[in-house]
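First residue of the sequence shown? That's 194 in this note's numbering, and the numbers climb one at a time after it. The structure appears right after this line, and notes come after that.
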Amino acid sequence: MKNKLFLLVVILLVSCVSPQSRRPDISANESAEEAKKQKEFVIEKYIQDSAKITNIAAKIRLAGTNICESQTSLMLGLKYWNIHDFLPEDENIARNKYQLGAGLKVLNVATESPAEKAGFKIGDELLAINDLIIAGGKNAKKDFAKQLDEFKKTLKPLTIKVWREGEEKLLSVLPVKACKSDIELIFDNSVNAYADGTNIYIAKGMMNFVQNEEEIALVISHELAHNVMNHIDAKKTNAGVGMAIGLLLDLGAAVAGVNTQGGFTDAGGRLGAQAFSVDFENEADYVGIYFMANANYKIDNVALFWRRMAQENPNGITLSSTHPSTSERFVSIEKTIAEIKQKRINDKPLKPEMKIKAIDKVEDKSASVSQVVTLPKVSSYEKLSAECKSGLLSACSAILVDASKENSSIPRDALDNSIKLFKESNALSDQDKLVFYDYSMSKILKPEKDLAEKFIKELLLKEDQGAKLRDVEDKLSSPFITFQKDKKNNYCNEALKIDSTNFNQDEKRRFLRISTNCSK
């Protein structure tokens, strides 16, 4: 029976209709050779697209520091790669066509960047930085990035040894301040880009979709705005709040004898993450156009990007879930462009309009600034700035106190000088450190947050009462505290142990607010 079935299958297969034409014979070697060429074309396209986004991102990051403020880092303008960036089956291409090995080689050099001015060339092999060997291997890129970060903190020129055309060369490069966000091109055919709070990722599909440099700049600026405006951290916080609410529902169901298996917690997290998602996207569009304008990109026609996106996804014209509709985005960008044009006519700074800060749970910290230093009058700014430049810490402290106020008129250069001295000084008093912490925490973007938190940790180790006050204040401002009564009680007990005897007037007012909050 089995033999008969097999014979029937063979007969049916033979009976199938086959192609009638006779094409030329193709050998396996010929096909393999063409496959190799096509892979090389893919890699060449990757190199070209990577160069484009590296150049455009560098231009935007350098020009946008007036918007990023504290969200900056020191930039070289170099992208590098090695053989481990390739799949094992493509390593021969990497080795033979691009002479890549385990060591790092320069992939891109951003136009007008410190690296270009220092003389770096595509193909340079990176050998050493400040006499330390740059190791190769799978982790070479991460290890070198860490080395760079450490050396850039010195604010001194870096000496990098490279191998070029059979000889060693020493190149001296001084990193410059730019908005903090590295950029990567990823092998993804979707028309997409995203940010993770630190980096920006552009999909290959997006590079195939954009039509000009301005549209690439629009995409990069939008993602940079997400990072600068702390949207990713905000989404995580919102997700946490949603999970906390869901947890309460799960617990309530458990008390009633229903096992929800954490369903409400999971759903709450998802809903929380989506809270204000559309608003964050709108804000990224708005702030992103300002990044473009500061980098002198033409912005008049960039909104047309969203009309073409509507052709790609017609459902997005009117529907919005986690992102605004394409129609809303087009109109919003057009209005932002009109706003920027008016500012140019009026010779006003190209900075986004910001809402008045009102995000603290305990109470608005804008008024919660140490009053030990007398607030300066406008006429004294120049004098204070000069005194701060000369190294007078009390003058720098006075500038930071005033800068902590919502309506501060402290000039940017005076503020920058104060922050610079505080970062470099080894003679800061405990009160100076508290002033710096209050300044950092009073701003939405938390300028110099790492240093401010370092100061407060040092003071907490010393049992400083002012630091304890601020620590408890921050704990009670957590969005989770409403759902965590035990923790709130513990924090309030910590507050009761604080000795307020030597507090200044402002600190006493803050202590009273905590006491009132804890008594509820």
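Where is the CB? At the ideal position from N, CA and C, for every residue including glycine.
Do residue i and residue j have their C-beta atoms within less than 8 Å of each other?
i      : j      : result
Leu177 : Asn275 : Missing from the structure shown is residue 177; the chain here goes from 194 to 713 and no further.
Ala295 : Gly329 : yes
Lys544 : Tyr483 : yes
Ala371 : Leu255 : yes
Val480 : Ile249 : no
Cys589 : Leu627 : no
Ile376 : Val366 : no
Tyr273 : Leu300 : yes
Ala620 : Leu586 : yes
Leu653 : Ala645 : no
Ala596 : Ile533 : no
Ile413 : Ile253 : yes
Leu378 : Tyr291 : no
Gly714 : Ala488 : Past the boundaries of the shown model lies residue 714; the chain is included only from 194 to 713, so the question cannot be answered.
Ala688 : Ser712 : no
Asp472 : Ile530 : no
Leu417 : Glu361 : no
When you compare each of the options to residue i by their alpha carbons, which one comes out closest?
i      : options                           : result
Gly270 : Ala338, Lys232 and Asn489         : Ala338
Ala386 : Asn222, Tyr483 and Glu474         : Glu474
Lys616 : Cys372, Thr347 and Ile327         : Thr347
Val665 : Ser633, Val628 and Asn710         : Asn710
Leu363 : Leu378, Phe380 and Glu318         : Glu318
Gly359 : Ser224, Gly316, Lys334 and Ala410 : Gly316
Cys685 : Leu705, Ile592, Arg522 and Ile530 : Leu705
Gln504 : Ile707, Phe344, Thr519 and Pro217 : Thr519
Asn382 : Arg357, Val235 and Ala410         : Val235
Lys314 : Pro281, Arg357 and Glu305         : Arg357
Ser622 : Met399, Glu237 and Ile649         : Ile649
Ala228 : Asp625, Asp283 and Ile327         : Asp283
Ser633 : Lys655, Asp667 and Asp657         : Asp667
Asp692 : Ser712, Lys678 and Asp657         : Asp657
Glu651 : Gln677, Gln624 and Gly312         : Gln624
Using the beta-carbon count (16 or more within 10 Å), is residue i buried or exposed?
i      : result
Glu700 : buried
Met547 : exposed
Gln139 : Outside the shown range of the chain, which is 194 to 713, sits residue 139, and nothing can be said about it.
Lys286 : Looking at the sequence shown, residue 286 is not Lys but Ile. Ile286 is buried by the Cβ-count criterion.
Ser247 : According to the sequence provided, residue 247 is Thr. The question's Ser does not apply to it. Buried is the call here.
Thr391 : exposed
Lys397 : buried
Asp478 : buried
Lys491 : exposed
Arg663 : buried
Ile219 : exposed
Pro368 : buried
Leu325 : exposed
Arg288 : exposed
Ser213 : Looking at the sequence shown, residue 213 is not Ser but Gln. With fewer than 16 other Cβ atoms within 10 Å, it is exposed.
Gly584 : exposed
Thr511 : Its pLDDT being 40, under 50, Thr511 is placed unreliably in this model, and the coordinates cannot settle the point.
Leu280 : exposed
Asn610 : buried
Leu608 : buried
Ile538 : exposed
Glu262 : buried
Glu521 : buried
Leu669 : buried
Gly450 : With a pLDDT of 43 at Gly450, under the threshold of 50, the modelled position of this residue cannot be trusted, and the question is left open.
Arg703 : buried
Glu237 : exposed
Asp631 : buried
Give me, in chain order, the residues of the same chain whose beta-carbon lies closer than 7 Å to that of residue i; leave out the 5 immediate sequence neighbours on both sides.
i      : result
Thr694 : none
Ile425 : Ala388, Asp389, Gly390 and His419
Gly312 : Leu364
Taking 6 Å as the limit between beta carbons, can you name the residues of its chain near residue i, skipping five residues before and five after?
i      : result
Asn420 : Ser374, Ala388 and Gly390
Ala303 : Thr247, Asn248, Ala251 and Gly270
Ala244 : Asn301
Phe380 : Lys397
Met502 : Thr519
Val495 : Glu407 and Leu411
Met400 : Asp242
Which residues in the same chain have their Cβ closer than 8 Å to the Cβ of residue i, if we skip the five residues on either side of it in sequence?
i      : result
His415 : Ala386, Ala477, Asp478 and Gly481
Ile322 : Phe337, Gln340, Leu341, Phe344, Leu351, Thr352, Ile353 and Lys354
His277 : Ala295, Gly330, Lys331 and Ala333
What runs of the alpha helix (DSSP H), each 4 residues or longer, lie entirely inside the stretch 465 to 505?
Scanning the stretch 465 to 505 for uninterrupted alpha helix (DSSP H) segments of 4 residues or longer gives 470 to 487 and 497 to 505, listed from N- to C-terminal end.
Complete alpha helix (DSSP H) runs within the stretch 277 to 349 (minimum length 4 residues, chain order)
The stretch 277 to 349 contains these whole alpha helix (DSSP H) runs: 284 to 290, 307 to 311 and 333 to 345.
With a floor of 4 residues, list each alpha helix (DSSP H) that falls wholly inside the stretch 357 to 429, ordered by position along the chain.
Qualifying alpha helix (DSSP H) stretches, in chain order: 397 to 402 and 406 to 421.
Length at least 3, wholly inside the stretch 231 to 273: the beta strand (DSSP E) runs in chain order:
Runs of the beta strand (DSSP E) inside the stretch 231 to 273: 265 to 268.
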